[in-house]
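Chemist: Quick note, the sequences are listed as chains A and B, same order.
Under my numbering, think of the first position of the first sequence as 450, with each following residue one higher.
Under my numbering, think of the first position of the second sequence as -12, with each following residue one higher.
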Amino acid sequence: MDPWTRRPRRWVLVMTAGLLLGLVAVPTGAQAPRRGGTLVFVVSAEPPSLDAHREATFALIHPTRPHYNLLVKFDPLNYPKVVPDLAESWTVSPDGLTYTFKIRRGVRFHDGSPLTARDIKASYDKIIFPTGDVVSARKAVYEVVERVDAPDPTTVVFTLKWRSASFLASVASPWNWIYKADLLAQDPHWYERNVMGTGPFRFVEYARGSHWVGTRNEAYFVRGRPYLDGYRALFIRSGAAQVNAIKSGQAHVEFRGFSPAQRDEIVRALGDKIRVQESGWLCNNTVVFNTRRRPFDDARFRRALTLAIDRWGGSRALSQIAFVEPVGGVMRPGGPYATPEEDLVKLAGYGRDIAAARAEARRLLAEAGVPEGFSFELLNRNIQMPYEFVAIYLIDQWRQIGLNVRHVVKETAAYLADERAGNFDAAVDFNCDFYDDPDAQLVKFLSADKSPLNYGGYTDRILDRLYTEQSREQDPARRLRLVRQFEKRLLDERAWQIYVLWWKRIIPHWATLQGYKVGPSHYLEDLQDVWLSE
Amino acid sequence: MTRFVIRRLLLTVPTFLAVAVLVFVLVRVVPGDIVELRLVSGGTFVTPGVVEAERARLGLNKPLWRQFADWMAGLARGDLGVSMWSGQPITREISLRLQLSLELAVLATVIAVALALPLGTAAAVRRGTWVDHAVQVFSVAGLATPSFWLGILLLLFLLTYFRWLPPLTFTPLWKDPRANLLQLLWPALAVGYRYSAVATRMTRSALLEVLREDYVRTAWAKGLTREDIVRRHALRNALLPVVAVVGLEFAFLIGGLVVTEQVFNLNGIGKLFVDAVAHRDYTLIQGLMLVVAAGYILVTFLLDLVYAWIDPRVSYD
């Protein structure tokens, strides 16, 4: 028999076996996804413009991301795995300098026009090489990119200036929505006020300050998706009103996160109608010291401040009332680059013997000539959860080594202005991002002439060198070692800035919401695979 | 009368100008920057070049006098400009919310007047009786109860006992009157109660004063019934201060429902104001202040006309 005629039979056999295996593998009681229904979720802030290339808030991602696709994306169910989205596959040249993406055929924008590599190139050109008065908030991330080419309608090629360990993950950025090249050519600002993508949901309505509505894209390129008929995002600023919206059944979920008290209130009210998913979070609170002021310019004083903090005890206590818990260094605890506990406890302020650490802190204070009862101010932003809880805890910890700290709380704009102007002694700061890669997590801590987010004003060329080396290192083990060196230098030896606690995402949602798995970033939900059981 | 109207209209020009200068200076004295809030407050790494480019795009790198002149030139053309935060025309941003705020203010006023006139009148006519005492308790409690707190209690009551909340999104009256009322009735009650307490006390004291007048005594002597005296003679004359209070409270409500709108998640002018200040959206704050100031000026102007209509002794010439 001709082998070509035998193939279909083998294929049928393999598929049948696969199907049977699949059926056996489905756990008893697991439901098949149901088509239909409208998901209603709360968003606690209002999006500014509608252009993700220029904005930086989840308030835009949550209501608007389902209208768009990315080139590649983080799998929301298996973070941080990078999976195809508009690219069906990709290859990397042996020298690591050329990434070639093959684009899916048959993808259409919501206006019916086909998507080609030209649209991908135009979108990335706007992100990486903005021209005129176009603003790209992510230009700095893609400094490594030499150029983007679209040699044919289904191929996009990125040429890099140097090897980058984080490039693929940075392409999976949830902010890199693919826009239509023709619209960008007509008006590069068009997407600031309009919506038109290839995503699983089409745009229906946006009432500013009130709600956002999307409906299923019947021509979506992933067969059978999305499951939902549509979704409705409700903009509710007040925390109490958000909780009430879920308790009353007017919303299924809020995708950013609630506090432990809010979680308990919802669970008390709704019992088994609610499920709670919790996860680590790629956000944390740090403390930045103004090294332009005395005695914050003295490493012994800064080290004493970090030694005084009982992070393990703080984690137990604060996690009862605020959405902070994991103790970690510069990389997310539980993430692929997390510092193991046996290494972590060797860093200043992470030891288990807090009495010994505080004795060492007092010795360092005396050595630095800082008297008992020395006073300074701790600048903070007026966001209770978790900033104010963290600050109050810090003040108590520093009081225990004889320091007198005054809590100065300002609303966000004034707080940022003070940080930028160096108008503070110490400030509760924060990091929040969408991926664990050290390139993203460590860039803030470079010397002040390289990082505009270095509010401490220090210069440390060793940190700068370690950052560059780890970023270009292709061997994961060697890269990890460099990250550890960076961490030791930043948090222990120089204590330029310190970490307090990492955040924990707490998502209570109606049990009818299925196909959703909480991940360590609140920027990743695209609603493609989400469904409602009722 | 015509001269009065023209004079009042002309007076609005310097009033507007004073408001414009004051608002422009005040919002820029407050520390903070819309560009930093937008690009940096989420913790994203953004280069200083990007921040500067955005400032230039919004015109924030120009000298202050130039920014003010540009704004004034726009106003002279009837153009309030665009929101620095959303890029939408300010007239559109405001008109979306003004409808809700106006409707809520009208509903609260209707509730307040419907409560205040009969209660205040009853208390004055039956001075010193249990009716008077009950009305006094009602109005003192109303004055002492902040609207937002009453709103929270109402929501908790509805949620706890009926597992029900007013709709969270606004439906215009002409689209679905029932949904519209379901959303606005509760906040209107919360606001209207306090508002009615003020008006009730004013009605009572004004009516008491009028009831002591000679012409009322004459009416009694002529044998008129109590209902006739109150309705046809006393109440009409007592209404002047009540109208003033009701009018000014109404003008205040247009922009003053900030906390109540937050509690009930209403998408009104108050909520927009809070967002605009939090975002340092200079152009929107300026536009909102002018609209609210215009509302005040218009309401006080209309009040003057209503005075003349209620009391023929009032002369504007």
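Ideal Cβ placement from N, Cα and C applies to all residues, glycine included.
In this text the structure is predicted, and so the values were computed from the model without any measurement.
1) Output needed for D500(A): all residues of its chain with C-beta closer than 8 Å, excluding positions within five of it in sequence on either side, in chain order.
2) Strictly under 8 Å for the Cβ-Cβ distance: is H701(A) near chain B by that measure?
3) Against chain A, which members of the stretch 152 to 175 of chain B pass a CB distance test of less than 7 Å?
4) Mapping DSSP to helix, strand and coil, what is F578(A)?
5) Whose CA, out of E495(A), R503(A), S498(A), S493(A), lies closest to the CA of T34(B)?
6) Does the beta carbon of G968(A) sit closer than 8 Å to a beta carbon anywhere in chain B?
7) Which chain A residues are close to E23(B), counting only those with a beta carbon under 8 Å from its beta carbon?
8) Can you pull the chain A residues whose beta carbon is under 9 Å from the beta carbon of G61(B), in chain order?
9) Closest Cβ-Cβ distance between D119(B) and chain A: below 8 Å?
10) How many whole angstroms separate the CB atoms of V491(A) and A700(A), which I take to be in contact at a CB cut-off of 8 Å?
11) For T31(B), which residues in chain A fall below 7 Å Cβ to Cβ?
12) According to DSSP, A536(A) sits in a beta bridge with which residue or residues?
13) Quick check on the DSSP output: what are the complete alpha helix (DSSP H) runs of length 4 or more inside the stretch 151 to 175 of chain B, in order along the chain?
14) Is there at least one Cβ from chain B nearer than 8 Å to G679(A)'s Cβ?
15) With respect to the alpha helix (DSSP H) encompassing L94(B), which residues constitute its N-terminal and C-terminal limits?
16) Pick out the complete alpha helix (DSSP H) segments inside the stretch 787 to 853 of chain A, 4 residues or longer, and give them in chain order.
17) How many Å lie between Y548(A) and R807(A) at the Cα?
18) Along chain A, which residues have their Cβ under 7 Å away from the Cβ of N48(B)?
19) Can you have a look at G36(B) and say buried or exposed, based on whether 16 or more other CB atoms are within 10 angstroms of its CB?
20) Which residue from T147(B), D298(B), F11(B) puts its Cα closest to that of A694(A)?
21) Suppose you measure from the CA of L155(B) to the CA of L292(B); what does that come to, to the nearest Å?
22) Should Y786(A) and P529(A) be called a contact, given that it needs their Cβ atoms to be closer than 8 Å?
23) Looking at P623(A) and I552(A), is the spacing between their C-beta atoms short of 8 Å?
24) Taking three-plus beta-carbon pairs below 8 Å as touching, is the stretch 553 to 567 of chain A in contact with the stretch 640 to 658 of chain A?
25) Give the interface partners of D20(B) over in chain A, defined as CB-CB distance under 9 Å, in chain order.
26) Against chain A, does T78(B) count as a neighbour if the rule is that its beta carbon must be under 8 Å from one of theirs?
27) Counting only C-beta atoms, is E983(A) closer than 8 Å to chain B at any point?
28) Express the C-alpha separation of N853(A) and A63(B) in angstroms, rounding to a whole number.
29) Whose C-beta lies closer than 8 Å to the C-beta of V532(A) among residues of the same chain, with five residues either side of it excluded?
30) Give the C-beta separation of A446(A) and F149(B) to the nearest angstrom, bearing in mind that I take them to be a contact with Cβ-Cβ under 8 Å.
31) Check the Cβ-Cβ distances between W72(B) and every residue of chain A, and say whether any is below 8 Å.
32) Check each candidate in D878(A), T506(A), S542(A), E703(A) and name the one with the smallest Cα separation from W959(A).
33) Grouping DSSP H, G and I as helix and E and B as strand, with all else coil, what is H958(A)?
34) For R15(B), which residues in the same chain have their Cβ closer than 8 Å to its Cβ, ignoring the five residues on either side in sequence?
35) Report the neighbours of E641(A) on chain B: residues whose CB is nearer than 7 Å to its CB, in chain order.
36) Report the residues of the stretch 692 to 720 of chain A with a CB closer than 7 Å to any CB of chain B, ordered along the chain.
Modeler: Per the coordinate set shown:
1) H638, Y640, E641
2) no
3) Answer set for the stretch 152 to 175 of chain B: L152, L155, T156, F157.
4) coil
5) It is R503(A).
6) no
7) A862, L865, A866, R869
8) In chain order: nothing, as chain A lies at least about 19 Å away.
9) no
10) 5 Å
11) A505, A586
12) I552(A)
13) none
14) no
15) 77 to 112
16) 790 to 793, 803 to 816, 838 to 848
17) 51 Å
18) Within 7 Å Cβ-Cβ: nothing; N48(B) doesn't reach chain A, min ~12 Å.
19) Exposed is the call here.
20) T147(B)
21) Taking the straight line joining both Cα atoms gives about 38 Å.
22) no
23) no
24) yes
25) Residues of chain A passing the Cβ test: A862, L865, A866, R869.
26) no
27) no
28) A63(B) and N853(A) have their C-alpha atoms spaced approximately 55 Å apart.
29) V521, K522, F523, D524
30) As displayed, chain A neither begins before 450 nor continues past 983, which places residue 446(A) out of reach and without an answer.
31) yes
32) E703(A)
33) strand
34) L51, Y269
35) G74
36) Taking 7 Å as the Cβ-Cβ cut-off, the stretch 692 to 720 of chain A approaches chain B at N693, A694, K696, S697, Q699, given in chain order.
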